[in-house]
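Peer 1: My structure is below; once you've seen it, I'll send some questions.
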Amino acid sequence: MPSSKRSPSQSATGEVRVVRRPREERKRLSPELEAFARGDDDAIWRREIKGRLNDPRVAVLIPGLKNSDARLLHDAYVNRIRSALESGDEERLAELMAVVRACGIYRGHRFVSFEAFAEALFDIDSRRANALASEGEKRLGLPSELSEAEIATWMRAEAGVLSVTPEGRVEVRNGMLHLSVPFDRAAEALAQVGHREFFMSKNTEGPKTIVDRPKGLPPLSAIIERVQPQPEVPLSPTRKKAKGETEK
Numbered sequence: 000m001p002s003s004k005r006s007p008s009q010s011a012t013g014e015v016r017v018v019r020r021p022r023e024e025r026k027r028l029s030p031e032l033e034a035f036a037r038g039d040d041d042a043i044w045r046r047e048i049k050g051r052l053n054d055p056r057v058a059v060l061i062p063g064l065k066n067s068d069a070r071l072l073h074d075a076y077v078n079r080i081r082s083a084l085e086s087g088d089e090e091r092l093a094e095l096m097a098v099v100r101a102c103g104i105y106r107g108h109r110f111v112s113f114e115a116f117a118e119a120l121f122d123i124d125s126r127r128a129n130a131l132a133s134e135g136e137k138r139l140g141l142p143s144e145l146s147e148a149e150i151a152t153w154m155r156a157e158a159g160v161l162s163v164t165p166e167g168r169v170e171v172r173n174g175m176l177h178l179s180v181p182f183d184r185a186a187e188a189l190a191q192v193g194h195r196e197f198f199m200s201k202n203t204e205g206p207k208t209i210v211d212r213p214k215g216l217p218p219l220s221a222i223i224e225r226v227q228p229q230p231e232v233p234l235s236p237t238r239k240k241a242k243g244e245t246e247k
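For the sequence shown, the residue numbers in numbering that gives the first Met the number 0 are 0 to 247.
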């Protein structure tokens with residue numbers, strides 16, 4: 000038997016009425032969309048600059064790092080981890096896993112998580128992988144969380160070294176960055192590091208937010224003004240007279 004209960008928004012006569020919820024119960028738009036609705040054309044394109052890192056790319060593997068460098072680092076760490084596993088060097092393995100997790104190196108080949116990276120490539124379950132990474136963080140003296148700018152600085156340096164020689168190493172231990180490279184390749188490696196770090200060394204003074212509106216896309220107000228029919232402007236008496244003579 001069908002239920003006789005009515006919806007709260009339906010009256011006894013079957014008419015649908017509008018139920019206005021209290022303001023606190025309504026689902027609010029994001030601040031960006033609210034500003035956009037109020038007429039701020041660039042609200043949805045505006046974003047904050049986080050520290051020294053200003054990376055507007057949509058598809059990015061590691062923020063602040065070229066995708067090709069992210070893949071280079073991923074492959075290098077995969078080889079190092081395999082070498083540590085083969086030699087049974089648990090301490091070295093823990094340090095490597097710590098860096099991969101802390102810096103997001105697993106994203107270099109689009110693994111969605113550190114755990115997926117460890118299990119798919121090395122058959123290490125998530126519990127052991129995280130235990131190794133936590134132990135490695137203690138050994139290296141890494142903070143509980145690195146900022147995007149700190150990760151980019153470290154990874155840019157290591158990518159610069161690796162672009163010259165696979166024997167190069169860049170490590171952070173107890174807040175100090177250590178660079179190791181064969182002496183006969185040092186000049187090339189340091190040049191590559193300097194080239195990559197220039198972006199990170201720029202002066203941070205300036206606007207805290209920037210507008211990432213796609214190049215060539217005009218503000219919304221300009222688009223609306225262009226497609227909206229314009230009201231007719233009344234002719235002055237002089238123009239009316241001139242128009243009448245032309246029609247004759």
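Note that the Cβ used here is the ideal one computed from N, Cα and C, for glycine as well.
Just to confirm, are residue 101 and residue 117 a CB contact at a threshold of 7 Å?
Peer 2: Cβ atoms of residue 101 and residue 117: not closer than 7 Å.
Peer 1: Is DSSP giving residue 146 helix, strand or coil here?
Peer 2: Reduced to three states, the DSSP call for residue 146 is coil.
Peer 1: Measure the alpha-carbon distance for residue 121 versus residue 103 and round it to whole angstroms.
Peer 2: Going from the Cα of residue 121 to the Cα of residue 103 covers about 17 Å.
Peer 1: Can you give the Cα-Cα distance for residue 218 and residue 27, rounded to whole angstroms?
Peer 2: Near 24 Å, if we compare the C-alpha coordinates of residue 27 and residue 218.
Peer 1: Return the residue from the list 162, 35, 61, 14 that minimises the CA-CA distance to residue 109.
Peer 2: Checked all of 162, 35, 61, 14; the closest Cα to residue 109 is 61.
Peer 1: What does DSSP give as the partner residues of residue 170 in its beta bridges?
Peer 2: Partner(s): 177.
Peer 1: Is it true that the CB of residue 191 sits closer than 7 Å to the CB of residue 163?
Peer 2: In this structure, residue 191 lies closer than 7 Å to residue 163 by Cβ.
Peer 1: What's the C-alpha gap between residue 32 and residue 220?
Peer 2: Approximately 15 Å between the Cα atoms of the pair.
Peer 1: For residue 184, name the three-state secondary structure that DSSP assigns.
Peer 2: Helix, per DSSP.
Peer 1: Assuming residue 72 and residue 107 are in contact, meaning their beta carbons sit under 8 Å apart, how far apart are those beta carbons, in whole angstroms?
Peer 2: Contact holds; Cβ gap of about 6 Å.
Peer 1: Would you check if there are 3 or more beta carbon pairs closer than 8 Å linking the segment 132-147 to the segment 83-101?
Peer 2: As far as the Cβ criterion goes, the segment 132-147 touches the segment 83-101, which means the pair count is three or higher.
Peer 1: Among all the DSSP beta bridges, which residues are the ones paired with residue 19?
Peer 2: None; residue 19 has no bridge partner.
Peer 1: Mapping the DSSP letters down to three states, classify residue 25 as helix, strand or coil.
Peer 2: The answer is coil: DSSP assigns residue 25 none of H, G, I, E or B.
Peer 1: Which runs of the alpha helix (DSSP H) fall wholly inside the segment 82-131 and span at least 4 residues, in chain order?
Peer 2: Segments of the alpha helix (DSSP H) lying fully in the segment 82-131: 89-102, 113-121.
Peer 1: May I ask you to list the residues that DSSP assigns as paired with residue 70?
Peer 2: Paired residue(s): none; residue 70 is not in a bridge.
Peer 1: Between residue 114 and residue 196, what straight-line distance do the alpha-carbon atoms span, to the nearest angstrom?
Peer 2: For residue 114 and residue 196, the distance between alpha carbons rounds to 30 Å.
Peer 1: Please classify residue 18 as buried or exposed, where buried requires at least 16 neighbouring CB atoms within 10 angstroms.
Peer 2: Exposed, because fewer than 16 other Cβ atoms sit within 10 Å of the Cβ of residue 18.
Peer 1: Using a 10 Å radius around the Cβ and a threshold of 16 neighbouring Cβ atoms, would you call residue 140 buried or exposed?
Peer 2: Exposed.
Peer 1: Once DSSP output is grouped into helix, strand and coil, what is the label at residue 198?
Peer 2: Correct three-state label for residue 198: helix.
Peer 1: Do the CB positions of residue 75 and residue 189 come within less than 7 Å of each other?
Peer 2: Not a contact, by the Cβ cut-off of 7 Å.
Peer 1: Per DSSP, what kind of secondary structure is residue 37 in: helix, strand or coil?
Peer 2: Coil.
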